[in-house]
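Some notes on the structure that comes next.
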Amino acid sequence: MLHVELLSYTRMLPSHMEATPIARGAGSLQENLIEYAGRVCYRSDAKMGHNPAFIDLRVREGHEDIIEHVRFIFQVAGQPLDRDVLLLTSLPTVEFTDLGDNAWIFSMNARNVRDFWRRSDSPLAKALARLALPIIPAVFRDLPLSTEADHG
1474 MLHVELLSYT
1484 RMLPSHMEAT
1494 PIARGAGSLQ
1504 ENLIEYAGRV
1514 CYRSDAKMGH
1524 NPAFIDLRVR
1534 EGHEDIIEHV
1544 RFIFQVAGQP
1554 LDRDVLLLTS
1564 LPTVEFTDLG
1574 DNAWIFSMNA
1584 RNVRDFWRRS
1594 DSPLAKALAR
1604 LALPIIPAVF
1614 RDLPLSTEAD
1624 HG
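Heads up: the sequence shown begins at 1474 in the numbering used here, then just goes up one per residue.
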């Protein structure tokens, strides 16, 4: 039976938060980091935190480079080496460790999670996206993720 657990994700040292424009954002730290990356790219960092839909709009436009600034580490059990694992590990910047006995550690950015979800209708893809959703809702809320537990 597939079991997926989120072990870690990008966080910022509290001592650095107040000294950056990232603190002006209206979302979670991870959303603020993504927004700031986009604002720097568009040279609009003075507007940081003034448009809650900024990330949604960039993702819909296909400007997903900005979501690569947030990484996740997942532990997966009950997942054999199959086409889904091969697809996931073929994505750029996905790192993995084979723990044996159908167990894995996967490290990937938010864009990898979205790309894998788009390319695979597997329980693994759904579980990864479902676990990432509460961390950065603005990146994943457009995905039709069911509420049934695919991650065991």
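Glycine residues also receive a C-beta, built at the ideal position from the N, C-alpha and C atoms.
Contact check, residue i vs residue j, beta carbons under 8 Å
{"i": "I1495", "j": "L1506", "result": "yes"}
{"i": "R1544", "j": "S1580", "result": "yes"}
{"i": "I1578", "j": "F1569", "result": "yes"}
{"i": "E1541", "j": "N1582", "result": "yes"}
{"i": "E1491", "j": "G1498", "result": "no"}
{"i": "A1510", "j": "I1539", "result": "yes"}
{"i": "V1513", "j": "L1601", "result": "no"}
{"i": "Q1552", "j": "L1618", "result": "no"}
Whole-angstrom distance between residue j and residue i, CA atom to CA atom
{"i": "S1488", "j": "D1555", "result": "43 Å"}
{"i": "R1533", "j": "D1615", "result": "9 Å"}
{"i": "L1597", "j": "L1606", "result": "14 Å"}
{"i": "D1623", "j": "D1529", "result": "Note that D1623 has pLDDT 46, beneath the 50 cutoff, so the model's placement of it is unreliable and no number is given."}
{"i": "N1585", "j": "L1564", "result": "7 Å"}
{"i": "L1559", "j": "R1531", "result": "29 Å"}
{"i": "Y1515", "j": "T1493", "result": "18 Å"}
{"i": "D1557", "j": "E1537", "result": "22 Å"}
{"i": "S1481", "j": "V1567", "result": "15 Å"}
{"i": "D1434", "j": "R1587", "result": "Residue 1434 is absent from the structure shown; the chain starts at 1474 and stops at 1625."}
Closer than 7 Å: residue i CB and nearest the ligand ZN heavy atom
{"i": "H1476", "result": "Here there are no bound small molecules, and the ligand ZN is not part of this structure."}
Residue range of the alpha helix (DSSP H) that includes residue i
{"i": "D1518", "result": "Per DSSP, D1518 belongs to no alpha helix (DSSP H) and is neither H nor E."}
{"i": "A1550", "result": "No alpha helix (DSSP H) holds A1550; the beta strand (DSSP E) holding it covers 1544-1550."}
Host beta strand (DSSP E) of residue i (start-end)
{"i": "A1576", "result": "1576-1582"}
{"i": "T1562", "result": "Note, T1562: premise wrong, no beta strand (DSSP E); alpha helix (DSSP H) at 1556-1563."}
{"i": "S1488", "result": "Unbroken run through S1488 is the alpha helix (DSSP H), 1487-1490; no beta strand (DSSP E)."}
{"i": "L1606", "result": "L1606 -> no beta strand (DSSP E), and no H or E assigned at all."}
{"i": "D1571", "result": "1568-1573"}
Environment of residue i [buried if 16+ CB atoms lie within 10 Å]
{"i": "A1611", "result": "buried"}
{"i": "F1572", "result": "Looking at the sequence itself, residue 1572 is Leu, so the reference to Phe does not match. Exposed."}
{"i": "L1561", "result": "buried"}
{"i": "R1484", "result": "exposed"}
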